[in-house]
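Scroll down for the structure; my scribbles are underneath it.
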Amino acid sequence: MTLSRWAFLLAAVAAATILGAWGFELIGGLPPCPLCLEQRVPYYVGVPLAVLAGLLAARAPLPARLLLGLFGLAMFVTAGIAAYHAGIEWGWWTGPTDCSGAVADVKDASSLLGQLGKAQVIRCDAAAWRLFGLSLAGYNALISAGLGLAALGAASKARA
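Under the working numbering, read the sequence shown as residues 10 to 169, first letter to last.
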């Protein structure tokens, strides 16, 4: 398979992954926690890199390979965040303290109580959904690590 096809395939799989996360949020009603949102950032960076690599592959294979390598690194970053998040969900380590709803300026005790009553806390340490024992963070760790390995393999070996 050519470098261009690899790049477009990897971009499509990554885009489908982030669309799946949005689907769980917007259609499935599972709001993301702060770590879930952090896992999405490398996709927002990586998908355009892979598309650009696909567009450049025929005319400029070296820059395309570099861009696909950067895509792979972005996927390894999100795999690390996802593995960290999955470990928090399994209770292997403690998570960040910011996995709670935002609290605005507090002027007195009654305004604090009113804000607490309205706050929706999205916990990083409780998996909102599991399939075969894996949470969404667990699946993201597997998918993004696979994308990263495939991208680095394609960047180094695929024919231009």
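Note that the Cβ used here is the ideal one computed from N, Cα and C, for glycine as well.
query, result
"Between which two residues does the alpha helix (DSSP H) carrying Leu75 extend?", "70–98"
"List in chain order: all unbroken alpha helix (DSSP H) runs of 4+ residues lying wholly within the segment 23–65.", "43–65"
"Opposite Leu140 in the DSSP bridges: which residues?", "Leu143"
"Let me know the secondary structure DSSP gives Arg2 once reduced to three states.", "As shown, the chain starts at 10 and ends at 169. That puts residue 2 outside it, with no answer to give."
"Which residue's Cα is closest to the Cα of Ala164: Pro40, Glu98, Gly63, Leu143?", "Gly63"
"Looking at Ala91 and Ser13, is the spacing between their C-beta atoms short of 9 Å?", "no"
"Report the rounded CA-to-CA distance for Trp15 versus Ala66, giving the unit in angstroms.", "10 Å"
"Rounded to a whole number of angstroms, what is the C-alpha to C-alpha distance between His94 and Gly32?", "20 Å"
"How should Thr103 be labelled, buried or exposed, when 16 other C-beta atoms within 10 angstroms of its C-beta is the threshold for buried?", "exposed"
"Using a Cβ-Cβ distance cut-off of 9 Å, determine whether Arg139 contacts chain D.", "Considering every chain present, this structure includes no chain D. It has just one protein chain."
"Identify every residue that forms a DSSP beta bridge with Thr11.", "Arg168"
"If you count every other CB in all the chains shown that lies within 10 Å of the CB of Leu140, and 16 or more means buried, which is it?", "exposed"
"Here's a check: name, in chain order, each residue in its chain whose Cβ is nearer than 7 Å to the Cβ of Leu161, leaving out the five neighbours to either side.", "Gly78, Gly81"
"Between Glu98, Leu28, Leu19, Leu44, which lies nearest to Leu76 when the distance is taken from Cα to Cα?", "Leu19"
"Return the residue from the list Leu156, Thr11, Gly100, Ala159 that minimises the CA-CA distance to Arg68.", "Thr11"
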